[in-house]
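Here my numbering = 1-based position in the sequence shown + 4. Glycine included, C-beta positions come from ideal geometry on N, C-alpha and C. Down below is the structure, laid out as structure tokens.
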Amino acid sequence: PQKCLRLNPDVPVWVSKQRILCTLNHSLKDVLNYGLFQPAFNGRAGKFLDEERLLREYPLNPDTPVPYLE
Numbered sequence: 005p006q007k008c009l010r011l012n013p014d015v016p017v018w019v020s021k022q023r024i025l026c027t028l029n030h031s032l033k034d035v036l037n038y039g040l041f042q043p044a045f046n047g048r049a050g051k052f053l054d055e056e057r058l059l060r061e062y063p064l065n066p067d068t069p070v071p072y073l074e
């Protein structure tokens, strides 16, 4: 089953990551080693989102893959 979360774009990536981790109903080992990953797209390399920056600083458009927890 998939889960969908609406995240506040005005909070740091770190806060969003914590919210995602808290909603998962199974325990993860080494949760500090997880991060939000923006997949490669349109010739740009994939990257982990900087946890100090706001989500708003990573604009999404309909063609961009959505960042996911990795």
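Give me the Cβ distance between residue i and residue j, rounded to the nearest whole Å; I'm assuming they're in contact under 8 Å.
i: E61; j: W18; result: Actually they do not touch by this definition, with Cβ atoms about 13 Å apart.
i: F41; j: E74; result: 4 Å
i: L53; j: G39; result: 7 Å
Using the beta-carbon count (16 or more within 10 Å), is residue i buried or exposed?
i: K7; result: exposed
i: S20; result: buried
i: P3; result: Examination of residue 3 is not possible in this model, given that the chain is present from 5 through 74 alone.
What are the boundary residues of the alpha helix (DSSP H) that includes residue i?
i: L40; result: No alpha helix (DSSP H) holds L40; the beta strand (DSSP E) holding it covers L40 to Q42.
i: S20; result: V17 to T27
So, for residue i: in the same chain, excluding its five sequence neighbours on each side, which residues have a beta-carbon less than 6 Å away from its beta-carbon?
i: P82; result: With the chain represented from 5 up to 74, any question about residue 82 goes unanswered, as that position is not in the structure.
By Cβ distance below 7 Å, which residues in the same chain neighbour residue i in space, the five residues on each side in sequence not counted?
i: T68; result: F45
Do you know how far the Cα of residue j is from the Cα of residue i?
i: L11; j: L25; result: 13 Å
i: V79; j: L9; result: What the structure shows of the chain is the stretch from 5 to 74, and residue 79 is not part of that stretch, so it cannot be assessed.
i: P63; j: K33; result: 30 Å
i: S31; j: Q22; result: 13 Å
i: V35; j: A49; result: 24 Å
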